[in-house]
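Enquirer: Chains as they are written, first to last, in the numbering used here: chain A, 22 to 136; chain W, 9 to 120.
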Amino acid sequence: GAVVSQHPSRVICKSGTSVKIECRSLDFQATTMFWYRQFPKQSLMLMATSNEGSKATYEQGVEKDKFLINHASLTLSTLTVTSAHPEDSSFYICSASSGRYETQYFGPGTRLLVL
Amino acid sequence: QKEVEQDPGPLSVPEGAIVSLNCTYSNSAFQYFMWYRQYSRKGPELLMYTYSSGNKEDGRFTAQVDKSSKYISLFIRDSQPSDSATYLCAMRSDNYGQNFVFGPGTRLSVLP
Numbered sequence: 022g023a024v025v026s027q028h029p030s031r032v033i034c035k036s037g038t039s040v041k042i043e044c045r046s047l048d049f050q051a052t053t054m055f056w057y058r059q060f061p062k063q064s065l066m067l068m069a070t071s072n073e074g075s076k077a078t079y080e081q082g083v084e085k086d087k088f089l090i091n092h093a094s095l096t097l098s099t100l101t102v103t104s105a106h107p108e109d110s111s112f113y114i115c116s117a118s119s120g121r122y123e124t125q126y127f128g129p130g131t132r133l134l135v136l
Numbered sequence: 009q010k011e012v013e014q015d016p017g018p019l020s021v022p023e024g025a026i027v028s029l030n031c032t033y034s035n036s037a038f039q040y041f042m043w044y045r046q047y048s049r050k051g052p053e054l055l056m057y058t059y060s061s062g063n064k065e066d067g068r069f070t071a072q073v074d075k076s077s078k079y080i081s082l083f084i085r086d087s088q089p090s091d092s093a094t095y096l097c098a099m100r101s102d103n104y105g106q107n108f109v110f111g112p113g114t115r116l117s118v119l120p
């Protein structure tokens, strides 16, 4: 149980385009989903927290208009990187939690390369 | 002082060794403690999840929490090359809405 999927697993795009990443909880309802960014050999950096049906809470320094997060259902959250630039190239990982006393289960990550 | 500290390694051990991974923390409100394993280019995988102090064992893995010392450990017995990965500790308080706090991770290499 507690499986989280991400799609796509890898994406290459041109600078200036937008990229959407999906995060799905496959066998449980995720009241809260988290989006992280990870650079090579570095730890996870929390970007934002989203609760189903409400606006995401962004961490300090993360641009809301650049990283659009939608958590429209209890099993799906999306992260859209708008007008992507090479510096946005990174490994993006989502996680999901089913409740207050539950832990986070991570997706496999999405590797984004912006040319 | 960072909220959660963890030796980044790398830590290299021979196959079959007992591995000890540790984290210290400063927030006494933390109640939930987790260990994740992350292989290169993959998402973290939950290994152990404990509440408050005490020990928890699962196969070759044992998690220990000492809240009085603000210190948690993960022991890996009979380590295997497949255990080579980065190990992240994470913790949170009982305060709903409080996000998890992750350690920076320890890179472990188990040499055959």
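Even for Gly, the Cβ is constructed at its ideal location relative to N, Cα and C.
Computed from a predicted structure; not experimentally measured.
1) Give the interface partners of residue 64/A over in chain W, defined as CB-CB distance under 8 Å, in chain order.
2) In or out: residue 52/W buried (at least 16 other Cβ within 10 Å) or exposed?
3) List the residues of chain W that residue 11/A touches, going by C-beta distances under 8 Å, in chain order.
4) Distance check for residue 55/A and residue 67/A, CA to CA, integer angstroms please.
5) Let me confirm a value: residue 131/A is counted as buried when at least 16 other C-beta atoms fall within 10 Å, else exposed. Which label applies?
6) Under a CB-based cut-off of 7 Å, is residue 57/W close to chain A?
7) Would you mind reading off the limits of the beta strand (DSSP E) that contains residue 72/A?
8) Between 34/A, 35/A and 53/A, which lies nearest to residue 115/A when the distance is taken from Cα to Cα?
9) Would you mind stating whether residue 94/W and residue 39/W have Cβ atoms separated by less than 7 Å?
10) With a threshold of 8 Å, are at least 3 pairs of Cβ atoms found where one atom belongs to the region 22 to 33 of chain A and the other to the region 87 to 95 of chain A?
11) Taking the beta carbon of residue 59/W as the centre, do at least 16 other beta carbons fall within 10 Å, making it buried, or is it exposed?
12) Could you please tell me which residues of the region 46 to 78 of chain A, in chain order, have their CB closer than 7 Å to any CB of chain W?
Expert: Checking against the coordinates, here is how it stands:
1) Counting from 1 along the first sequence, the entry for residue 64/A is found at position 43. Taking a Cβ-Cβ cut-off of 8 Å, the neighbours of residue 64/A in chain W comprise 96, 110, 111, 112 and 113, given in sequence order.
2) Start at 1 with the first residue of the second sequence, and residue 52/W comes out as number 44. Buried is the call here.
3) What is shown of chain A runs 22 to 136, which leaves residue 11/A out entirely.
4) Looking up residue 67/A in the first sequence gives position 46. Looking up residue 55/A in the first sequence gives position 34. Their backbone Cα atoms lie some 7 Å apart in a straight line.
5) Here the question's residue 131/A lines up with position 110 in the first sequence. Buried, by the Cβ-count rule.
6) Here residue 57/W refers to the residue found at position 49 when the second sequence is read from its first residue. Contacts with chain A at 7 Å (Cβ-Cβ) include residue 57/W.
7) For the purposes of this step, residue 72/A is taken as residue 51 along the first sequence, with counting starting at 1. Start and end: 66 to 72.
8) The residue labelled residue 115/A in the question sits at position 94 within the first sequence. The shortest Cα separation from residue 115/A among 34/A, 35/A and 53/A belongs to 53/A.
9) One-based indexing of the second sequence puts residue 94/W at position 86. One-based indexing of the second sequence puts residue 39/W at position 31. Going by C-beta atoms, residue 94/W is not nearer than 7 Å to residue 39/W.
10) With a cut-off of 8 Å, the region 87 to 95 of chain A and the region 22 to 33 of chain A do not count as touching, because too few Cβ pairs lie within range.
11) Taking the second sequence and counting its residues from 1, one reaches residue 59/W at position 51. Classification for residue 59/W: exposed.
12) 64, 65, 67 and 70
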